[in-house]
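Asks: Positions 14 to 456 (the working numbering) are the ones given, in order, by the sequence shown.
We put the CB at the ideal spot given by N, CA and C, even for glycine.
Handing you a structure now.
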Amino acid sequence: MMRKVSLVLFGAVIGATAAGMASQPRAFFGTVAEAAGASDTYKQLTLFGDVFERVRDDYVEKPEDSKLVEGAISGMLAGLDPHSSYMDAKAFKEMRTNTDGKFGGLGIRVQMFEKQIRVEGAIDDTPAAKAGIRAKDIITQLDGQAIDGLSLEQAVDKMRGAIGTPITLTIQREGVEKPVEVKLVRAEISLDSVKWEVVNDDIGYLRISQFNATTFEQMNKGLDQIEDKVANDKLKGFVLDLRNNPGGMLDQAIAVSDAFLERGEIVTTRGRNAEESQRYNARPGDLAKGKPVIVLVNGGAASASEIVAGALQDHKRATVLGTRSFGKGSVQTIIPLGGNGAIRLTTARYYTPSGKSIQAKGIVPDIEVKQELPDEMKDKDFDTKGEAGLKGHLKNGDDEASGSSAYVPSERKDDKQLNYAFDLLHGIQSNAAFPPSGKTSAN
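Pasting the structure below:
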């Protein structure tokens, strides 16, 4: 099977910005308006310097200058939007580990939300997933010690550790009055992001849990193995499961989308300046050979997941099934700062092939299928607020609405969304949205 070449996009937005600056030299003094603006900026920087010196001189305990500067940088970036942030050298190293390495830990994805450490999801088949840790859980204690006041990086550092060592998490869970204690044992967290299998001898199932540096390569391997196991004339199609996938690397989302497309736009990113816009197109070669594709999304599917779902939906290459996605329609660029860590800066918005921005709106499925909660969970709230519910998010008009239930049953027999997808491919169920307009299910 011929393989498409994965794209390398790291630094693309930075490069465009630098090129734009270099191509437009300016007079030393600029315009009167620019001079006035610079004057206001210098006044604000002078104010910062005054506050910095007062804190250094008068704070009750002598502070570290480096901590004051890092705190100021963190506050500046956090004030922009929920996804821009500062990483010190240690956090930057851990971030790179998360994209291409292995580590001892629990397999929890966490985010700082309203000064609390909130779980965004658990990686499949990790201690956290097996213990039932779920999205929206608030971690309040680690081994009995309160983590109030810790930074996100400090909390993550405490949860990681030597493989085989125990840790107890105290969790505040919605709908549960008393704190929940969960005992876990750290394990090697493998960053394999793709799982695949053949279902009922005639359906290829691909589960992508995140988009890291090897996602496209792993998915290709999965397509190969499915092709080896099932004759082309017997293969009904594919289910691409992106539920509760928080996203990841932009180039991998583009490559995964490209795998199912013969031609056309995949995604466009638009920065503050027109010259920073980038358009990414598919290359010839549908690795699924035209077989029907159903993409599963829910309230936990965000960012890179939404790029894939949006591209395949707009090109009518796949039917999107489930509930409204998270709605993160922005691109973050990692900008290294030498030996001083890096900043994660929101540099662009992305748009689906039809020109839609899903920022704070999400991907609306072609077929809405809601999961049924078991009786013991019906009084609990599994709905995510989505991007539209995050404080300080980038605005996108007056009709914002994103997020939905992020609940996925642990038992396949109870998974209404997945089983509906299987029934569509088998012809047991029918829906006007499947196959997409202009497509046929017969191959």
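Tell me whether the beta-carbon of V193 lies closer than 8 Å to the beta-carbon of R199.
Replies: Taking the first residue of the sequence shown as position 1, residue 193 is located at position 180. Taking the first residue of the sequence shown as position 1, residue 199 is located at position 186. No, the pair does not count as a contact, with Cβ atoms beyond the cut-off.
Asks: Going by the beta-carbon positions, is the gap between F395 and S418 smaller than 8 Å?
Replies: Against the sequence shown, residue 395 aligns to sequence position 382. Against the sequence shown, residue 418 aligns to sequence position 405. Against a cut-off of 8 Å, the Cβ pair of S418 and F395 comes out as a contact.
Asks: Is R69 helix, strand or coil by DSSP?
Replies: Here residue 69 refers to the residue found at position 56 when the sequence shown is read from its first residue. Of the three classes helix, strand and coil, the one that applies to R69 here is helix, per DSSP.
Asks: Do L119 and L204 have their C-beta atoms within less than 8 Å of each other?
Replies: Working through the sequence shown from its first residue, we reach residue 119 at position 106. Working through the sequence shown from its first residue, we reach residue 204 at position 191. For L119 and L204, no; Cβs fall outside 8 Å.
Asks: Out of curiosity, what's the CA-to-CA distance linking I184 and V195?
Replies: As a working note, residue 184 is residue 171 in the sequence shown. As a working note, residue 195 is residue 182 in the sequence shown. Roughly 8 Å separates the two Cα atoms.
Asks: What do you get for Y218, buried or exposed, if any count of 16 or more other CB atoms within 10 angstroms of its CB means buried?
Replies: The residue labelled residue 218 in the question sits at position 205 within the sequence shown. Flag for Y218 reads buried.
Asks: For V333 versus V310, is the C-beta distance shorter than 8 Å?
Replies: Along the sequence shown, read from residue 1 onward, the residue named residue 333 stands at position 320. Along the sequence shown, read from residue 1 onward, the residue named residue 310 stands at position 297. Yes; because the gap between Cβ atoms is below 8 Å, this pair is in contact.
Asks: If you run the structure through DSSP and keep just helix, strand and coil, what is A159?
Replies: By one-based count along the sequence shown, residue 159 stands at place 146. A159 falls in the strand class under three-state DSSP.
Asks: Can you name the start and end residues of the beta strand (DSSP E) that Q291 belongs to?
Replies: Counting from 1 along the sequence shown, the entry for residue 291 is found at position 278. 291-294 is the span of the beta strand (DSSP E), which, as asked, contains Q291.
Asks: I'd like to confirm the pairing. Which residues does DSSP put opposite G261 in its beta bridges?
Replies: The sequence position of residue 261 within the sequence shown is 248, counting from 1. Per DSSP, F224.
Asks: Cα separation between R173 and D94?
Replies: The residue you call residue 173 lines up with position 160 of the sequence shown. The residue you call residue 94 lines up with position 81 of the sequence shown. When rounded, the distance between both Cα atoms is 27 Å.
Asks: Looking only at its own chain, which residues have a Cβ that is under 7 Å from the Cβ of I371, when we skip the five neighbours before and after it?
Replies: Here residue 371 refers to the residue found at position 358 of the sequence shown. Correct list, in chain order: E319, G323, G340, G342, T365.
Asks: Could you tell me the alpha carbon to alpha carbon distance between F61 and G134, rounded to whole angstroms?
Replies: Your numbering for residue 61 matches position 48 in the sequence shown. Your numbering for residue 134 matches position 121 in the sequence shown. Cα-Cα distance, rounded: 38 Å.
Asks: Looking at A317: is its Cβ nearer than 8 Å to the Cβ of A361?
Replies: Translated into positions along the sequence shown, residue 317 becomes position 304. Translated into positions along the sequence shown, residue 361 becomes position 348. Contact flag unset, no.
Asks: Using 8 Å as the threshold, is the stretch 427-443 in touch with the stretch 288-307, meaning 3 or more CB pairs across them?
Replies: A contact exists between the stretch 427-443 and the stretch 288-307.
Asks: Just reading off the alpha helix (DSSP H) that L438 is part of, what are its end residues?
Replies: As a working mapping, residue 438 is identified with position 425 in the sequence shown. From DSSP, the alpha helix (DSSP H) with L438 extends over 429-439.
Asks: Look up F126 in the DSSP assignment and give the residues it is bridged to.
Replies: Here the question's residue 126 lines up with position 113 in the sequence shown. F126 is bridged to Q129.
Asks: Please classify T59: does DSSP put it in a helix, a strand, or coil?
Replies: Taking the sequence shown and counting its residues from 1, one reaches residue 59 at position 46. Of the three classes helix, strand and coil, the one that applies to T59 here is helix, per DSSP.
Asks: Beta-carbon separation of H328 and L274 under 8 Å?
Replies: The count along the sequence shown starts at 1 and reaches residue 328 at position 315. The count along the sequence shown starts at 1 and reaches residue 274 at position 261. Contact flag set, yes.
Asks: Would you mind reading off the limits of the alpha helix (DSSP H) that contains S164?
Replies: If you number the sequence shown from 1, residue 164 lands on position 151. Unbroken run through S164: none, as it is neither H nor E.
Asks: Taking the straight line between their C-alpha atoms, what separation do you get for Y420 and Q384?
Replies: Looking up residue 420 in the sequence shown gives position 407. Looking up residue 384 in the sequence shown gives position 371. Those two C-alpha atoms are separated by around 7 Å.
Asks: Over what stretch of residues does the alpha helix (DSSP H) that includes G323 continue unbroken?
Replies: For this step, residue 323 is matched to residue 310 along the sequence shown. From DSSP, the alpha helix (DSSP H) with G323 extends over 317-327.
Asks: Tell me the DSSP bridge mates of P349?
Replies: As a first step, residue 349 must be located in the sequence shown, where it is residue number 336. Looking at the DSSP assignment, P349 forms a beta bridge with A355.
Asks: With respect to the alpha helix (DSSP H) encompassing M89, which residues constitute its N-terminal and C-terminal limits?
Replies: Counted from its first residue, the sequence shown places residue 89 at position 76. First-last of the alpha helix (DSSP H) with M89: 78-91.
Asks: What is the residue span of the alpha helix (DSSP H) that A141 lies within?
Replies: The sequence position of residue 141 within the sequence shown is 128, counting from 1. That run of the alpha helix (DSSP H) goes 140-143.
Asks: Please tell me whether R337 and G375 are closer than 8 Å, where the distance is taken between their beta carbons.
Replies: Against the sequence shown, residue 337 aligns to sequence position 324. Against the sequence shown, residue 375 aligns to sequence position 362. For R337 and G375, yes; Cβs fall inside 8 Å.
Asks: If we define contact as Cβ-Cβ less than 8 Å, is E133 a contact residue for chain B?
Replies: This model lacks chain B altogether; it includes just one protein chain.
Asks: Taking DSSP as the reference, what is the three-state secondary structure of Q384?
Replies: For the purposes of this step, residue 384 is identified with residue 371 of the sequence shown, where counting begins at 1. It is coil, neither helix nor strand.
Asks: So, is S457 buried or exposed, given that buried needs 16 or more other C-beta atoms within 10 angstroms?
Replies: Outside the shown range of the chain (14 to 456) lies residue 457, about which nothing can therefore be said.
Asks: Can you tell me whether G118 is helix, strand or coil according to DSSP?
Replies: The sequence position of residue 118 within the sequence shown is 105, counting from 1. Strand, per DSSP.
Asks: Kindly give me the distance between the Cβ atoms of S290 and T282, rounded to whole angstroms, as I take these residues to be in contact under 8 Å.
Replies: Mapped onto the sequence shown, residue 290 falls at position 277. Mapped onto the sequence shown, residue 282 falls at position 269. About 7 Å; that satisfies the 8 Å criterion.
Asks: Quick check on F251: does DSSP put it in helix, strand or coil?
Replies: Position 238 of the sequence shown, counting from 1, holds the residue named residue 251. Reduced to three states, the DSSP call for F251 is strand.
Asks: Three or more C-beta pairs closer than 8 Å, one from the stretch 255-265 and one from the stretch 213-228: is that the case here?
Replies: Enough Cβ pairs lie closer than 8 Å, so yes.
Asks: Excluding five sequence neighbours on each side, which residues of the same chain lie with their C-beta closer than 6 Å to the C-beta of Q326?
Replies: The sequence position of residue 326 within the sequence shown is 313, counting from 1. Hits under 6 Å: V333.
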